[in-house]
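> Dropping the structure in here first, questions after.
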Amino acid sequence: MEKIRVGIAGAGFAARFHIESYRRVYRVPVEVVGLSSPTKERRERLASEQGVQSYDSLQQMIKSVDLIDICVPGYAHEKVAIEALDAGCHVIIEKPFTGYYGDGSREFRGNKFSKEAMLKEALRSAERIDAAAKKSHTKVMYAENWVYSPSIQKEIEILRSTKGQILWMIGEESHSGSHSDSYGNWSLSGGGSLVGKACHPLTAILYLKNQEGFLRNGKGIGPESVSSNVHEITRLPSFRDEGFLRTRYDDVEDYAQLHITFTDGTVADVFSSELVLGGVHSWLEVFANNHRTRCRLSPVEGLSTFNPKEELLRDVYVMEKIGSKQGWSSPALDENWLNGYYQEIQDFMESVYYGRDAQSGLELGRECVKVMYSAYVSAERGGEKVRLSS
Ligand SMILES: NC(=O)c1ccc[n+]([C@@H]2O[C@H](COP(=O)([O-])OP(=O)(O)OC[C@H]3O[C@@H](n4cnc5c(N)ncnc54)[C@H](O)[C@@H]3O)[C@@H](O)[C@H]2O)c1
1 MEKIRVGIAG
11 AGFAARFHIE
21 SYRRVYRVPV
31 EVVGLSSPTK
41 ERRERLASEQ
51 GVQSYDSLQQ
61 MIKSVDLIDI
71 CVPGYAHEKV
81 AIEALDAGCH
91 VIIEKPFTGY
101 YGDGSREFRG
111 NKFSKEAMLK
121 EALRSAERID
131 AAAKKSHTKV
141 MYAENWVYSP
151 SIQKEIEILR
161 STKGQILWMI
171 GEESHSGSHS
181 DSYGNWSLSG
191 GGSLVGKACH
201 PLTAILYLKN
211 QEGFLRNGKG
221 IGPESVSSNV
231 HEITRLPSFR
241 DEGFLRTRYD
251 DVEDYAQLHI
261 TFTDGTVADV
271 FSSELVLGGV
281 HSWLEVFANN
291 HRTRCRLSPV
301 EGLSTFNPKE
311 ELLRDVYVME
321 KIGSKQGWSS
331 PALDENWLNG
341 YYQEIQDFME
351 SVYYGRDAQS
361 GLELGRECVK
371 VMYSAYVSAE
381 RGGEKVRLSS
């Protein structure tokens, strides 16, 4: 392969930071050829801003590229992936890897629908993606940026050196509510805080625990059971809306909590919500038998600045979802780097070019889907412990 030709499906928030990440790739020849999305105006604006081609259809774009990078809402992940895989393209799939997006009926309400049925169908969806990749001998990479975040990668280095046993992990991703129009509606997003946010610390936790076992004795350690609770706090009759949190949720939760046990009996806890002011709140703490690590993804205090008047920092980027720039803040020094976006695309490009496995691949995506939808089953049963099917 002379160079990897990439086509981006989608022209929104994720498409932009993916394109920026391709620009930083080194040692591997790669070109973002173009992008496609159903909204013409948005597609053409981003394409012209980034100097890439705007394709009217995904089918057209697929013919000109080696890899489709899927940056569209969750409900379209499987469809776009299978179309690309069937045409012989490798795929990168944004989070959530896949899920359950309704039975097609107008009456479908995710928060009222059987979670066991959802779990079964979400796993079938992952199965179909796997089968298509196997058939076309192509790669599926799962764009879970937390795996590539410098703080999580540093913990891997520490585990490699200490051969530590992780006893407990706790992590969170929360903020004041997603910007995306598709968020809040189960049939587009596949769930609420659990699927949209908890997926990040959850996947990092699954990855770390797997690595721990692998580094010590060549065999990963997987999850065994999950218990969970979800809530719809901003839709409580008692909620007093002061206008700072997003509230336009239809049938998804805005708070989720998961407790996971692993096959070696150790545990992890994950929190996610749409209830947190002050910017994206992303962190993970590792308690091992021989070390303890706090991974901070956001905020990261590279610097602190005091701003007496909101408009003084009008043109200065501070951090995602900060809300207000007045007073003390900790502007992100390079959010894409801290989030692991550049490192993720670098790993994916190397994996395609040199024919090796990516650190975050199909199996990790599938495992995350299994834990998330099993967590919904648990929440439906009032927090009962649910064993993860093999
Ligand atoms: N890893 C991260 O930190 C992160 C951050 C944000 C979003 N995401 C993920 O990226 C994906 C896109 O999210 P976003 O925030 O960019 O959303 P967005 O709403 O900003 O953009 C979505 C884009 O997809 C297009 N689209 C919608 N339906 C489509 C379809 N059926 N086929 C093709 N294109 C379609 C839209 O026209 C739009 O251009 C989601 O899976 C989301 O979960 C990941």
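For the sequence shown, the working numbering assigns the number 1 to the initial residue and increments by one for each residue that follows.
In this text, a Cβ means the ideal position worked out from N, Cα and C, and glycines have one as well.
Everything numeric in this text was worked out from a predicted model, so none of it was measured.
So is the beta-carbon of Phe13 under 6 Å away from any non-hydrogen atom of ligand 1?
Locating residue 13 in the sequence shown gives position 13, where the first residue counts as 1. It does: the Cβ of Phe13 is within 6 Å (strictly closer) of some heavy atom of ligand 1.
> Tell me the rounded alpha-carbon separation between Leu245 and Glu320.
Residue numbering aside, residue 245 sits at position 245 when the sequence shown is read from its first letter. Residue numbering aside, residue 320 sits at position 320 when the sequence shown is read from its first letter. About 14 Å.
> Given Arg294, which residues of its chain have a CB within under 6 Å of its CB, disregarding the five upstream and five downstream residues?
Position 294 of the sequence shown, counted from the start, is the residue given in the question as residue 294. Answer for Arg294: Glu285, listed in chain order.
> By the 10 Å Cβ neighbour count, where 16 or more other Cβ atoms means buried, how is Glu173 classified, buried or exposed?
Along the sequence shown, one-based indexing puts residue 173 at 173. Burial call: buried.
> Could you check where the beta strand (DSSP E) with Cys295 kicks off and where it finishes?
Taking the first residue of the sequence shown as position 1, residue 295 is located at position 295. Start and end: Arg292 to Ser298.
> Would you tell me roughly how many angstroms separate the C-alpha atoms of Arg42 and Val72, rounded to the nearest one?
Stepping through the sequence shown from its first residue, residue 42 is reached at position 42. Stepping through the sequence shown from its first residue, residue 72 is reached at position 72. Going by the C-alpha atoms only, they are around 13 Å apart.
> Could you spell out the range, first to last residue, of the beta strand (DSSP E) harbouring Trp328?
As a working note, residue 328 is residue 328 in the sequence shown. Start and end: Gly327 to Ser329.
> Is it a yes or a no for the stretch 45 to 58 touching the stretch 11 to 19, going by three-plus beta-carbon pairs under 8 Å?
Contact holds: three or more Cβ-Cβ distances are below 8 Å.
> So, at 6 Å on beta carbons, what are the nonlocal neighbours of Gly10 in its own chain, with the 5 sequence-adjacent residues on each side left out?
Against the sequence shown, residue 10 aligns to sequence position 10. So the qualifying residues of the chain are Ser37, Cys71 and Val72.
> Can you tell me which residues form a DSSP beta bridge with Gln53?
Along the sequence shown, one-based indexing puts residue 53 at 53. DSSP output for Gln53 lists Gly34 as bridge partner(s).
> Is any heavy atom of ligand 1 found at a distance shorter than 6 Å from the C-beta of Thr98?
By one-based count along the sequence shown, residue 98 stands at place 98. False, no ligand heavy atom lies under 6 Å from that Cβ.
> Thinking Glu253 and Ser193 are a contact (beta carbons under 8 Å), I'd like their distance in whole angstroms, please.
Start at 1 with the first residue of the sequence shown, and residue 253 comes out as number 253. Start at 1 with the first residue of the sequence shown, and residue 193 comes out as number 193. Yes, Glu253 and Ser193 are in contact; Cβ-Cβ is about 6 Å, under 8 Å.
> Distance, Cα to Cα, His137 vs Leu236?
Sequence index remark: in the sequence shown, residue 137 carries index 137 (1-based). Sequence index remark: in the sequence shown, residue 236 carries index 236 (1-based). Each residue's Cα considered, the two are about 49 Å apart.
> Following the continuous alpha helix (DSSP H) through Ala132, name the residue where it begins and the one where it ends.
Looking up residue 132 in the sequence shown gives position 132. Note, Ala132: alpha helix (DSSP H), Lys115 to Ser136.
> Roughly how many whole angstroms lie between the Cα atoms of Asn336 and Leu297?
Translated into positions along the sequence shown, residue 336 becomes position 336. Translated into positions along the sequence shown, residue 297 becomes position 297. Rounded to the nearest angstrom, the two C-alpha atoms are 10 Å apart.
> Determine the burial state of His179: buried for a count of at least 16 other Cβ atoms within 10 Å of its Cβ, exposed for fewer.
The sequence position of residue 179 within the sequence shown is 179, counting from 1. Its Cβ having fewer than 16 others within 10 Å, His179 is exposed.
> How close, in whole Å, do the beta carbons of Leu202 and Cys368 come, if the pair is a contact with beta carbons under 8 Å?
As a first step, residue 202 is located in the sequence shown; it is residue number 202 there, counting from the start. As a first step, residue 368 is located in the sequence shown; it is residue number 368 there, counting from the start. About 6 Å; that satisfies the 8 Å criterion.
> Apply the 10 Å Cβ neighbour rule to Leu85 and answer buried if 16 or more other Cβ atoms are within range, or exposed otherwise.
To locate residue 85, count along the sequence shown from 1; it is residue 85. With 16 or more Cβ atoms within 10 Å of its Cβ, Leu85 is classed as buried.
> Between Leu167 and Ala288, how many whole angstroms is the CB-CB distance? I'm expecting something under 8 Å.
Within the sequence shown, numbered from 1, the residue matching residue 167 stands at position 167. Within the sequence shown, numbered from 1, the residue matching residue 288 stands at position 288. About 6 Å separates the two Cβ atoms, so the contact holds.
> Taking 6 Å as the cut-off, does the CB of Val252 come closer than this to any heavy atom belonging to ligand 1?
For the purposes of this step, residue 252 is identified with residue 252 of the sequence shown, where counting begins at 1. Flag unset: Cβ of Val252 not near ligand 1.
> Out of Gly278, Phe348, Lys135 and Gly302, state which residue places its alpha-carbon closest to the alpha-carbon of Ala391.
Residue 391 lies beyond the range of the chain shown here (1 to 390); nothing can be said about it.
> Gly340: beta carbon under 6 Å from a heavy atom of ligand 1?
Your numbering for residue 340 matches position 340 in the sequence shown. No - ligand 1 has no heavy atom lying nearer than 6 Å to the Cβ of Gly340.
> Once the 5 residues before and after Asn185 are set aside, which same chain residues still bring their CB inside 6 Å of it?
Within the sequence shown, numbered from 1, the residue matching residue 185 stands at position 185. The answer, listed in chain order, is Asp250.
> Less than 6 Å separating the Cβ of Gly361 from some heavy atom of ligand 1?
In the sequence shown, counting from the first residue as 1, residue 361 sits at position 361. Answer for Gly361: no, Cβ out of range of ligand 1.
> Less than 6 Å separating the Cβ of Ala76 from some heavy atom of ligand 1?
Residue numbering aside, residue 76 sits at position 76 when the sequence shown is read from its first letter. It does: the Cβ of Ala76 is within 6 Å (strictly closer) of some heavy atom of ligand 1.
> Does the separation of the CB atoms of Leu58 and Ile4 fall below 7 Å?
On the sequence shown, residue 58 is found 58 positions in, with the first residue counted as 1. On the sequence shown, residue 4 is found 4 positions in, with the first residue counted as 1. No, they are not a contact pair.
> Quick check on DSSP: helix, strand or coil for Ala47?
Within the sequence shown, residue 47 is the residue found at index 47, counting from 1. If DSSP states are grouped into helix, strand and coil, Ala47 belongs with the helices.
> At what residues does the alpha helix (DSSP H) containing Phe348 begin and finish?
Translated into the one-based positions of the sequence shown, residue 348 becomes position 348. Taken as a continuous stretch (DSSP letters only), the alpha helix (DSSP H) holding Phe348 covers Tyr341 to Tyr354.
> Check for me: the alpha helix (DSSP H) holding Ala15 runs from which residue to which?
Residue mapping note: residue 15 aligns to position 15 of the sequence shown, counting from 1. Segment Phe13 to Tyr22, the alpha helix (DSSP H) holding Ala15.
> Note down the Cα distance separating Ala87 from Lys63, rounded to an integer number of angstroms.
Taking the first residue of the sequence shown as 1, we reach residue 87 at position 87. Taking the first residue of the sequence shown as 1, we reach residue 63 at position 63. Cα-Cα distance, rounded: 8 Å.
> Using CA coordinates, which residue listed in Gly222, Val377, Met169 and Glu363 is at the minimum distance from Val230?
Here residue 230 refers to the residue found at position 230 of the sequence shown. Answer by Cα proximity: Val377.
> Put Pro223 into one of helix, strand or coil per three-state DSSP.
Residue 223 sits at position 223 when you count from the first residue of the sequence shown. Here Pro223 sits in strand by DSSP.
> Can you say whether Asn339 is buried or exposed, counting buried as having 16 or more other CB atoms within 10 angstroms of its CB?
Residue numbering aside, residue 339 sits at position 339 when the sequence shown is read from its first letter. Answer is buried; the Cβ neighbour count reaches 16.
> Helix, strand or coil for Asp181 per DSSP?
What you label residue 181 is simply residue 181 of the sequence shown in a count that begins at 1. Of the three classes helix, strand and coil, the one that applies to Asp181 here is coil, per DSSP.
> Please look up how many angstroms separate the CB atoms of Gly102 and Ser189, rounded, as I've assumed it's under 8 Å.
To locate residue 102, count along the sequence shown from 1; it is residue 102. To locate residue 189, count along the sequence shown from 1; it is residue 189. Actually they do not touch by this definition, with Cβ atoms about 11 Å apart.
> Report yes if the C-beta of Cys71 is less than 6 Å from at least one heavy atom of ligand 1; otherwise report no.
Taking the sequence shown and counting its residues from 1, the one referred to as residue 71 is at position 71. Yes, the beta carbon of Cys71 sits closer than 6 Å to at least one heavy atom of ligand 1.
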